[in-house]
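Remarks on the structure that follows.
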Amino acid sequence: MKFILGKKLNMTQVFTAEGRHFPVTVVQAGPCKVTQVRTKDKDGYTAVQIGFGKKSKSSMSKASRGHQKDNNFLHLKEFRIAEDQKMKTGDEIKVSNFTPGEYVDVSGIMKGRGFAGAMKRHGFHGFPATHGHNRPRSVGSIGMRFPQHTVKGKRMAGRMGGHQVTMKNLLILDIDAEKNLLYVQGAVPGSRNGLVKVKATGAKIDKPIALYSSKSPEPDKKSEKNEEVKESKAQKK
């Protein structure tokens, strides 16, 4: 099982050599460090706790300082692992553990939208806007004569966002191991610099998508011809 913590940076797009483009989210993934290992004998399940980010010691509680000891991580999260997966405290988890072409599940806290109506919150289409009424964006009926109360779970207006959302089966298009960057196809929940959890699904495509590299661009035939013309003119002079 592969997993890592990171923060969402921004969205951009990448191109292939054939000219196709893909929208991607750039995630600064890791490096993370294992701070605690939970075993089935002691805790009843097997998992590891990893830390990401930094904060000052003065802003940490006494309990947190005692738990982290020499570390001062901003975020601590647990991930379940298999019993045969051996990890120990102090192990480092880097973005290089992942490879382009893998599918991952990315979890983050959705942006808070405040109090929202049923049309925005749940996608209701609303009432017809003609024939003179003032409830075109209303939720409509909220119950029946029996059982004399609104059924639990009825979709109504209320606070929207601010909860965890998981986007499943997102494709890793590229990895920058030097800068700890992960390029994931599509959108990722959360705001910029928000914490995200990345977990591999175990599936991957047969052949990773070859992206166009700006470091070694393909030669432009027009520019080559222009340079040849300039050189010939210079030789004539």
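Sequential numbering of the sequence shown, starting at 9, is according to our numbering. By construction, the Cβ of each residue, glycine as well, lies at the ideal position given by its N, Cα and C atoms.
Roughly how many whole angstroms lie between the Cα atoms of residue i and residue j?
| i | j | result |
| --- | --- | --- |
| R28 | Q21 | 10 angstroms |
| K1 | D184 | Outside the shown range of the chain, which is 9 to 245, sits residue 1, and nothing can be said about it. |
| K205 | Q172 | 10 angstroms |
| I12 | R121 | 27 angstroms |
| S224 | T24 | Reliability of the predicted coordinates at S224 is poor, the pLDDT of 37 falling under 50, and the value obtained from them is presented with this limitation in mind. Their Cα atoms are separated by approximately 13 angstroms. |
| R163 | H130 | 7 angstroms |
| R88 | A55 | 4 angstroms |
| K128 | D113 | 26 angstroms |
| N18 | G198 | 10 angstroms |
| K15 | A37 | 7 angstroms |
| D99 | S115 | 23 angstroms |
| L179 | K77 | 37 angstroms |
| D182 | N188 | 11 angstroms |
| M95 | D51 | 16 angstroms |
| K41 | Y111 | 23 angstroms |
| Y53 | G59 | 19 angstroms |
| M175 | K207 | 11 angstroms |
| S67 | E91 | 35 angstroms |
| L190 | T209 | 16 angstroms |
| F106 | M9 | 11 angstroms |
| K160 | F154 | 14 angstroms |
Using the three-state DSSP reduction, which class does residue i fall into: helix, strand or coil?
| i | result |
| --- | --- |
| A330 | There is simply no residue 330 to check, as the chain begins at 9 and stops at 245 in what is shown. |
| K205 | strand |
| R167 | strand |
| K162 | coil |
| V103 | helix |
| S240 | helix |
Please indicate yes or no: does the CB of residue i lie closer than 6 angstroms to some heavy atom of the ligand FAD?
| i | result |
| --- | --- |
| I180 | As far as ligands go, the structure on display features none, and thus does not contain the ligand FAD. |
Hey, residue i and residue j are a contact pair by Cβ (cut 8 angstroms); roughly how many whole angstroms apart?
| i | j | result |
| --- | --- | --- |
| G202 | I117 | 6 angstroms |
| K119 | G169 | 5 angstroms |
| Q193 | V32 | 6 angstroms |
| A126 | F132 | 5 angstroms |
| N80 | S69 | Not confirmed; about 12 angstroms, so no contact. |
| G148 | I213 | About 44 angstroms separates the two Cβ atoms, so there is no contact after all. |
| T47 | T97 | Not a contact, Cβ separation roughly 12 angstroms. |
| P39 | K85 | Wrong, their Cβ atoms sit about 14 angstroms apart, outside the cutoff. |
Over the uninterrupted beta strand (DSSP E) stretch that includes residue i, give me the two end residues.
| i | result |
| --- | --- |
| Q57 | A55 to K62 |
| S115 | E110 to I117 |
| D184 | Q172 to D184 |
| G14 | F11 to F23 |
| L82 | F81 to R88 |
| Y191 | L189 to Q193 |
Could you please give the first and the last residue of the uninterrupted alpha helix (DSSP H) stretch that includes residue i?
| i | result |
| --- | --- |
| Q76 | K70 to Q76 |
Where are the beta strand (DSSP E) runs, 3 residues long or more, that stay fully inside the region 119-159, in chain order? 122-124
Runs of alpha helix (DSSP H) lying entirely within the region 27-52, each at least 4 residues, in chain order: Runs found: 48-51.
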